[in-house]
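Visitor: Counting in this note's numbering, the sequence shown runs from 633 upward without gaps. Just so it is clear, CB atoms sit at the ideal spot from N, CA and C, and this is done for glycine as well. Predicted model only: the values in this text are computed from it and were never measured. One structure is given below, represented as structure tokens, and several questions about it will come after.
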Amino acid sequence: MIRGLRKLVMAGALVLSLAVPVTASADAAIEDEDTSFDRYLAFGADLKKNERETVLSELGITEADVADYKTIQITNQEEHDYLGSYIDASVIGTRALSSVMVVKTEKDTGIHVETKNIGYCTPGMYCNALVTAGLTDANVTVVGPFNISGTSALVGAMKAYATMTGEEITEDIMDTATDELVTTAELGESMGDKERAAELIAAVKQKVFSEELTTATDIRDAVEASARALNLNISDEDVENIVDMMEKVSKVDIDVDAITEQAKGIYDKLKDAGVDFSKVDTSGLFDKIGSFFAGIFEAIADFFTGLFG
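Below, the structure written as structure tokens:
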């Protein structure tokens with residue numbers, strides 16, 4: 633689903649020097665291979681020796697340390713399988729470069745993302761998309777051998793996580809999370825502020841799930857209300873792109889408590905910034921998610937989502 637020339641051009645910018653690929657065929661789910669490790673590395677399959685050395689250095693490990701990790705590769709074909717619906721093949725390119733480290737953490741510690749040499753996608757963007765994909769409790773580090781967009785790294789992170797936990801990530805969920813990452817990145821381009829774009833998507837997602845919104849009309853109202861609460865001016869085209877994406881996301885089975893816990897870093901950031909959501913219609917929200925989230929939502933609306941490579 634390539635949303636017109638403007639979106640294609642933006643998506644193209646996302647993946648110049650694209651890193652990391654995707655998983656198996658577009659019809660296959662990401663499935664477990666080995667759950668005996670709690671630390672995983674997903675390497676871009678086309679890294680040259682010196683590029684791999686740079687990636688390992690950025691990750692803070694040596695080649696000898698790699699033996700302590702379960703390693704997998706992300707191929708350029710996988711990049712095309714999953715990103716081809718959103719980005720032109722000529723833009724995706726012919727080399728898989730991005731790499732991802734995923735380390736499982738204790739229950740209820742949430743998802744924490746760090747990026748190095750990733751110039752386009754922010755940690756918040758990955759976090760939101762990874763929440764959508766169902767990831768929980770992990771430290772994720774996305775690295776490029778040099779400055780790259782990192783759009784396809786989401787796939788590497790999900791593939792590593794699925795291999796680690798034995799939990800299946802279906803093709804539909806993979807597609808939805810990828811759509812979310814690309815849409816958020818394009819929104820960041822349009823707004824000129826990537827972090828604020830991730831915050832808006834997080835806020836909308838929280839509202840969609842806490843209030844069980846499924847129709848385009850209700851989701852559009854949530855987008856506009858969240859934008860007002862965050863003091864953001866976004867175009868009608870951006871609103872419709874978010875609505876289209878959120879209609880897909882709303883069909884994913886995500887527990888509202890998982891959203892607030894796994895993307896806690898985003899919510900805390902909004903809360904610390906004193907974002908006032910008092911004017912947002914949150915009818916039914918507090919009864920559904922309890923006093924913990926109620927306290928946060930009074931000051932903010934953020935969602936994560938749940939990310940790449």
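Can the beta-carbon of SER867 be found less than 9 Å from the beta-carbon of ALA835?
Guide: In the sequence shown, the residue the question calls residue 867 occupies position 235. In the sequence shown, the residue the question calls residue 835 occupies position 203. For SER867 and ALA835, no; Cβs fall outside 9 Å.
Visitor: Quick one: does the C-beta of THR797 sit closer than 8 Å to a heavy atom of the ligand NAP?
Guide: By its list of ligands, the structure shown contains no ligand whatsoever, and the ligand NAP lies outside what it can speak to.
Visitor: Who are the Cβ neighbours of THR593 in its own chain at under 6 Å, not counting the five residues just before and after it?
Guide: Residue 593 falls outside the range modelled here, since the chain spans only 633 to 941, and no answer is possible.
Visitor: Hey, SER730 and THR810: beta-carbon distance below 9 Å or not?
Guide: If you number the sequence shown from 1, residue 730 lands on position 98. If you number the sequence shown from 1, residue 810 lands on position 178. Contact: no.
Visitor: Out of ALA789, SER781, SER689, LYS883, which has the shortest C-alpha to C-alpha gap to ILE851?
Guide: Taking the sequence shown and counting its residues from 1, the one referred to as residue 851 is at position 219. Among ALA789, SER781, SER689, LYS883, the Cα nearest to that of ILE851 belongs to LYS883.
Visitor: Can you find the residues in the same chain that come closer than 8 Å, C-beta to C-beta, to ILE805, ignoring five residues on each side of it along the sequence?
Guide: For this step, residue 805 is matched to residue 173 along the sequence shown. Cβ neighbours of ILE805 beyond the five flanking positions: THR764, ALA765, GLY766, VAL884.
Visitor: Report the three-state DSSP secondary structure of GLY820 (helix, strand or coil).
Guide: One-based indexing of the sequence shown puts residue 820 at position 188. Judged by DSSP in its simplified three-state form, GLY820 adopts helix.
Visitor: Classify SER842 as helix, strand or coil using the three-state DSSP reduction.
Guide: Position 210 of the sequence shown holds residue 842. Note: SER842 maps to helix in three-state DSSP.
Visitor: Where does the unbroken beta strand (DSSP E) through VAL732 begin, and where does it stop?
Guide: By one-based count along the sequence shown, residue 732 stands at place 100. 731 to 736 is the span of the beta strand (DSSP E), which, as asked, contains VAL732.
Visitor: Provide the residue span of the beta strand (DSSP E) that contains TYR672, from first to last.
Guide: As a working mapping, residue 672 is identified with position 40 in the sequence shown. It spans 671 to 676 - the beta strand (DSSP E) in which TYR672 sits, taken as one unbroken run.
Visitor: Taking the continuous alpha helix (DSSP H) assigned at GLY725, which residues delimit it?
Guide: Within the sequence shown, residue 725 is the residue found at index 93, counting from 1. First-last for GLY725: undefined, no H or E at that position.
Visitor: I think LYS702 touches THR795, with their Cβ atoms under 8 Å apart; what is that distance to the nearest whole Å?
Guide: As a first step, residue 702 must be located in the sequence shown, where it is residue number 70. As a first step, residue 795 must be located in the sequence shown, where it is residue number 163. Confirmed, Cβ separation roughly 7 Å.
Visitor: Beta-carbon within less than 7 Å of GLU879's beta-carbon, same chain only, minus the 5 sequence neighbours each way: which residues are those?
Guide: In the sequence shown, counting from the first residue as 1, residue 879 sits at position 247. Within the same chain, GLU879 has close Cβ partners ALA848, ILE851.
Visitor: Suppose the cutoff is 6 Å on Cβ atoms and the five residues either side in sequence are ignored; what does the same chain contact list for ALA829 look like?
Guide: Within the sequence shown, the letter at position 197 stands for residue 829. If we look at ALA829 and ignore the five residues flanking it on each side, its Cβ neighbours are THR816, LEU819, GLY820, MET823.
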